[in-house]
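Going left to right, the sequence shown walks through residues 1 to 337 as UniProt numbering numbers them.
Glycine residues also receive a C-beta, built at the ideal position from the N, C-alpha and C atoms.
The next block holds one structure in the form of structure tokens; read it before the comments.
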Amino acid sequence: MAQMLAARLHVPSRTLRLDEVPRPQPGPGEVLVKVEAAGVCLSDVHLIDGTLTPLLLRGDTVTLGHEVSGTVAETGAGVTAWSPGQRVVLHAGETRDGVTYTRGVDYDGGWAEYALSAADAMTPLPDAIPFEQGAIIPDAVSTPWGAITETAVVRPAEAVGVWGAGGLGVHALQLLRAIGACPVVAVDPNPVARERALAAGADLALDSADPELGQTVRAATGGLGLAAAFDFAGVPPVREQAVSVLAPRGRLVLVGLTDKPLTVTDGTRFSYLQQRVLGHYGSDMPVALPQLLRLIQGGRLDFSGSVSGVLPLAEAAEAVARLERKEGDPIRLVLRP
């Protein structure tokens with residue numbers, strides 16, 4: 001049986017190892033994809049450090065990687081929509097019997113030489129878009145896109161704020177500007193991230209420790225506050241700060257993951273102003289990916305600057321360490337088998 005390399009996490013011990021494992025064979029309705037690029041996400045770091053735990057994983061070990069692009073290698077029985085050699089982006093999850101499973105969390109992902117996918121959980125990747133950029137779209141770009149367009153339903157000219165200008169937040173800033181939100185306010189304690197936020201399209205980039213932050217936001221919004229605030233940091237103080245500058249009927253959208261409790265200090269004010277807290281996770285892949293790929297092809301969006309580095313699969317642990325240390329303030333690191 002053919003073998004391949006894969007970076008696998010033993011969940012009980014939180015140990016990441018590069019192993020030689022049998023190359024999977026596509027079953028009925030499945031496609032085997034030769035991985036060309038796989039993104040390294042902060043969620044991967046949290047799986048390794050124990051902050052996150054797979055809920056639906058069968059067994060105790062999983063190949064990480066939910067951001068994956070590649071070429072079709074083989075097709076299983078009954079698959080007619082795909083043929084070997086086609087360039088594809090794999091969806092970050094699959095729905096089975098009404099339950100959504102996350103790739104690289106609940107089942108084997110793309111930190112490997114090959115990855116399996118259901119035939120209906122892939123989208124064609126246009127020739128003009130490099131594999132490295134295509135790989136990061138299923139989460140780093142599509143998750144903020146879903147948060148903006150589906151969960152928050154941001155409208156043109158609405159004032160918005162983004163807390164955390166990292167791997168997802170910086171893309172949210174680009175996307176918010178593209179759909180006409182105004183003003184777009186970025187909040188991050190890191191001065192490098194604030195500079196990056198301005199380059200990505202933010203009208204203002206503020207330090208979360210600035211005691212004048214509330215006054216600055218109100219001045220920029222004509223005294224109204226933000227119609228929508230997005231927490232991409234997953235930090236409790238961020239949520240408190242974001243609520244404090246929400247407009248009446250404003251929406252706080254929680255995208256960053258944390259196991260810490262959510263609190264609203266002034267519940268009476270929150271209720272009186274009819275504000276809302278909305279949880280968000282992932283995106284509607286069959287809708288979001290084609291939309292984003294069209295926008296990239298049409299020159300409306302450009303994520304060429306989002307790939308901060310490319311490492312070989314054998315250096316997966318090093319990529320995780322760099323992201324955890326925020327070495328070089330990366331937006332996205334990508335693994336190439």
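Collapsing the DSSP output to three states places T61 in a strand. Contact between the region 182-189 and the region 158-171 is established, with three or more Cβ pairs separated by less than 8 Å. Boundaries of the alpha helix (DSSP H) around M285: M285 to Q297.
The continuous beta strand (DSSP E) containing D19 extends over residues T15 to P22.
Every alpha helix (DSSP H) of 4 residues or more that sits fully in the region 109-192 is shown, in chain order, as 131-136, 142-146 and 169-178.
Using a 10 angstroms sphere on the CB of E36, the tally of other CB atoms reaches 16 or more, which defines it as buried.
For L125, same chain residues with a beta-carbon under 7 Å away, outside a window of 5 residues either side, are S69, R87, V88, V89 and G134 in chain order. Its Cα nearest to that of V320, the residue A7 stands out among A7, D106 and V217. Here DSSP, grouped into helix, strand and coil, assigns V68 to strand.
Taking L175 as the centre and dropping the five residues before and after it, the same chain places the C-beta of P144, W145 and I148 closer than 7 Å to its C-beta, in chain order.
The C-beta of Q275 has 16 or more other C-beta atoms within 10 Å across all chains shown, which makes the residue buried. In the assembly as shown, E67 is a buried residue. Its beta-carbon has 16 or more other beta-carbons within 10 Å.
In the displayed model, D44 falls within a helix according to three-state DSSP. Bounds of the beta strand (DSSP E) holding E94 are G93 to R96. Residue pairing by DSSP places D231 opposite W163 and L254 in a beta bridge. Counting only residues of its own chain and dropping the five nearest sequence neighbours on each side, D106 has a CB closer than 6 Å to the CB of P54, L56 and L57.
Looking at the DSSP output, Y101 bridges to E94.
The residue from V21, V141 and R251 with its alpha-carbon nearest to that of V153 is R251. Here the region 282-302 does not lie against the region 258-265, with fewer than 3 beta-carbon pairs under 8 Å apart. Nearest to R322 by alpha-carbon distance, out of V11, D44 and P22, is D44.
In this structure G109 is in contact with T63, their Cβ atoms being roughly 5 Å apart against a cut-off of 8 Å.
Across the structure, D210 and E318 are spaced so that their CA atoms are roughly 34 Å apart. Separation of L5 and V21 (C-alpha to C-alpha, rounded to the nearest whole angstrom) is 6 Å. By DSSP's assignment, P26 forms no beta bridge with any residue.
It is roughly 19 Å from the alpha-carbon of L313 to the alpha-carbon of A140. Ranking G164, M122 and I129 by CA distance to the CA of G29 puts M122 first.
Beyond the five residues adjoining it in sequence on each side, V310 comes within less than 7 Å, by CB distance, of E132, V334 and R336 in the same chain, given in chain order.
Sequence-distant partners of L295 (beyond 5 residues in either direction) whose C-beta falls short of 6 Å from its own C-beta, in its chain, are L301. DSSP, reduced to helix, strand and coil, places Q275 outside both helices and strands of the structure shown, so it counts as coil.
Relative to the Cα of R325, the nearest Cα in the group H46, W111, T216 and P84 belongs to H46.
When the beta-carbon positions are compared, G76 and P26 come within less than 7 Å of each other. Per DSSP, G214 lies in no beta strand (DSSP E); the unbroken alpha helix (DSSP H) holding it starts and ends at L213 to A220. Annotation for Q3: the continuous beta strand (DSSP E) segment containing it runs Q3 to H10. Going by DSSP, A205 is part of the beta strand (DSSP E) stretching over L204 to L206.
Excluding the 5 residues flanking it on each side, F303 has same chain C-beta neighbours closer than 6 Å at Q133, in chain order.
By the neighbour-count criterion, in which a residue is buried when 16 or more other Cβ atoms sit within 10 angstroms of its Cβ, Y272 is exposed.
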